[in-house]
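Written out below as structure tokens is the structure these notes cover.
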Amino acid sequence: SAAFGTVESFLIWKLTEGRKHVTDCTNASRTMLMDLKSLEWSEKLCDTLGVPCNGNLLPQNIVSNAEKEAFGCVEVDGPLKGVPICGAIGDQQGALVGQRCFEKGQLKNTFGTGQFLLLNTGTECVYSEEGLLSTVAYRIGESADVTYAVEGAVAISGVGLKWMVESMGFASSPKEIVDLAQTVESTKGLYFVPAFSGLMAPHWKPDARGIMIGWTHYHGKAHLCRALVEALCFQCRDVVQAMGVGPELIKVDGGVAQNDFVMQLLADITQVPVVRPKSVETTGAGAAIMAGLGAGLWKSTKDIDDRQSQGARRFDPDVEAEAEWRHGRWNEALQRCIGWEDHHFGGEYEE
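The sequence shown begins at 6 in this note's numbering and counts up one residue at a time.
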């Protein structure tokens, strides 16, 4: 018979040789089938999407992220046979934990192919009216309170740099795109909204398409590269503003976060200090922390040493960066790209 789950429930099923068909609450929250308050499968949502919630199709239990017995033990032959599986957590929630965002109001942004900002909202499940998603951040043990987050996902980050390399041929690597961007002091009024497949959080405009505006004969390739890099930062600012808080820091991770120039621009445009840990691979660290908590290595998050702060790099904003004015112009450009897909000519995008 068929079984349905997420990647981690499949891995647990395989590692336990079918003895455990379970999922954790963070991954279950991504299926649109779980009630965020009860952390149980919602009959209403399952019926709406045509997924049976009774029987053995869905994972039988939705458990916390740190457990010593709920996930079972490794049963496959090898050196790990008999080792208990003590933790599981979703991708972006793992990065939140890996960044040690355990306090309400702490924020992280993962710069990968896109951008994924999560704000810890504590034990309150906040329902945003500004285009953000509510999600489970983590739960440490079945008797513990649930910690929630609001999330803003942006489609274009590293993939935009890759597009400039592979489709436009401006350079041989994303790093060279950023290097080009640094050769000019500003975009000289050029704005680039990379809405290649619409706009995600906080705008949610699937009919938007990419736009470059402000072109003059003065502009060259380097200005376009800088306009794209600045666009990544403007999109982050859009999400931070939608969160309705003034964060003390933006903790960053992911591939693009390794570039000092981009992170300084991010601090300047958001006017919020940006902190990058020594290791930007925080998702794996978050999973390891949950496993450690489940195994009893630590009793609580307060016992975990903050090694992320050791060797971290801080980028403080330039208060004279004209961030408000530049962001206002960015918003003008963004508004002009909305609705374009409704006006394409003669079905030219249709196969």
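Where a beta carbon is used, it is the ideal one built from N, C-alpha and C, also for glycine.
Am I right that residue i and residue j are in contact with their C-beta atoms under 8 Å? What's the rounded C-beta distance?
i           : j           : result
residue 272 : residue 322 : 4 Å
residue 319 : residue 278 : 6 Å
residue 300 : residue 91  : 4 Å
residue 153 : residue 141 : 6 Å
residue 200 : residue 213 : 4 Å
residue 165 : residue 206 : At roughly 16 Å, the Cβ-Cβ gap does not stay under 8 Å, so residue 165 and residue 206 are not in contact.
residue 259 : residue 83  : In fact, because the Cβ distance is near 32 Å, the residues do not count as touching under 8 Å.
residue 130 : residue 41  : 5 Å
Starting from residue i, trace the beta strand (DSSP E) both ways and give me its first and last residue.
i           : result
residue 319 : 318–320
residue 217 : 216–218
residue 61  : Per DSSP, residue 61 belongs to no beta strand (DSSP E) and is neither H nor E.
residue 27  : 27–29
residue 296 : Unbroken run through residue 296 is the alpha helix (DSSP H), 287–300; no beta strand (DSSP E).
residue 258 : 255–258
residue 53  : Here residue 53 belongs to no beta strand (DSSP E); instead the alpha helix (DSSP H) covers 48–54.
residue 127 : 120–127
residue 204 : First-last for residue 204: undefined, no H or E at that position.
Among the options, which residue has its Cα nearest to the Cα of residue i?
i           : options              : result
residue 148 : 60, 234, 157 and 71  : 71
residue 23  : 10, 259 and 35       : 10
residue 45  : 113, 151 and 85      : 151
residue 238 : 14, 250, 39 and 262  : 262
residue 248 : 113, 135 and 33      : 135
residue 225 : 259, 190 and 84      : 190
residue 15  : 347, 76, 268 and 325 : 76
residue 115 : 244, 250 and 344     : 244
residue 286 : 54, 19, 68 and 113   : 113
residue 236 : 335, 84 and 60       : 335
residue 229 : 82, 6, 176 and 330   : 176
residue 73  : 250, 56, 345 and 145 : 145
residue 345 : 48, 221 and 202      : 202
Distance, Cα to Cα, residue i vs residue j?
i           : j           : result
residue 303 : residue 143 : 16 Å
residue 337 : residue 160 : 20 Å
residue 155 : residue 125 : 7 Å
residue 274 : residue 215 : 21 Å
residue 64  : residue 298 : 23 Å
residue 265 : residue 88  : 41 Å
residue 246 : residue 13  : 33 Å
residue 50  : residue 209 : 22 Å
residue 252 : residue 107 : 14 Å
residue 284 : residue 53  : 42 Å
residue 39  : residue 60  : 16 Å
residue 170 : residue 104 : 30 Å
residue 67  : residue 55  : 20 Å
residue 324 : residue 204 : 29 Å
residue 18  : residue 25  : 5 Å
residue 328 : residue 310 : 35 Å
residue 137 : residue 315 : 32 Å
residue 347 : residue 340 : 15 Å
residue 7   : residue 326 : 57 Å
residue 47  : residue 58  : 8 Å
residue 37  : residue 43  : 14 Å
residue 181 : residue 33  : 39 Å
residue 269 : residue 27  : 42 Å
residue 163 : residue 172 : 14 Å
residue 222 : residue 111 : 44 Å
residue 178 : residue 250 : 36 Å
residue 331 : residue 168 : 24 Å
residue 354 : residue 174 : In this prediction, residue 354 has a pLDDT of 48, which is less than 50 and means its spatial position is unreliable; what the coordinates show is noted afterwards. About 23 Å.
Of all the CB atoms in chain C, is at least one closer than 9 Å to the CB of residue i?
i           : result
residue 213 : Among the chains of the structure shown, chain C does not appear; only one protein chain is present.
I'd like the list of long-range same chain contacts for residue i, defined as Cβ closer than 6 Å, with 5 residues on each side in sequence excluded.
i           : result
residue 127 : 109
residue 280 : 254, 256, 317 and 319
residue 99  : 288, 291 and 292
residue 217 : 197
residue 21  : 77 and 80
residue 343 : 210 and 213
residue 86  : 79
residue 306 : 107
Could you name the residues of the same chain whose beta carbon sits closer than 7 Å to that of residue i, not counting the 5 residues immediately before and after it, in chain order?
i           : result
residue 94  : 29, 31, 70, 102, 143, 291, 292 and 295
residue 96  : 288
residue 231 : 186, 189 and 192
residue 194 : 219
residue 227 : 185, 186, 188 and 189
Assuming residue i is part of the alpha helix (DSSP H), what are its boundary residues?
i           : result
residue 336 : 328–342
residue 226 : 226–248
Suppose the cutoff is 8 Å on Cβ atoms and the five residues either side in sequence are ignored; what does the same chain contact list for residue i look like?
i           : result
residue 35  : 11, 95 and 140
residue 241 : 114, 120, 122, 159, 255, 271, 274 and 275
residue 183 : 166, 230, 234, 264, 266 and 267
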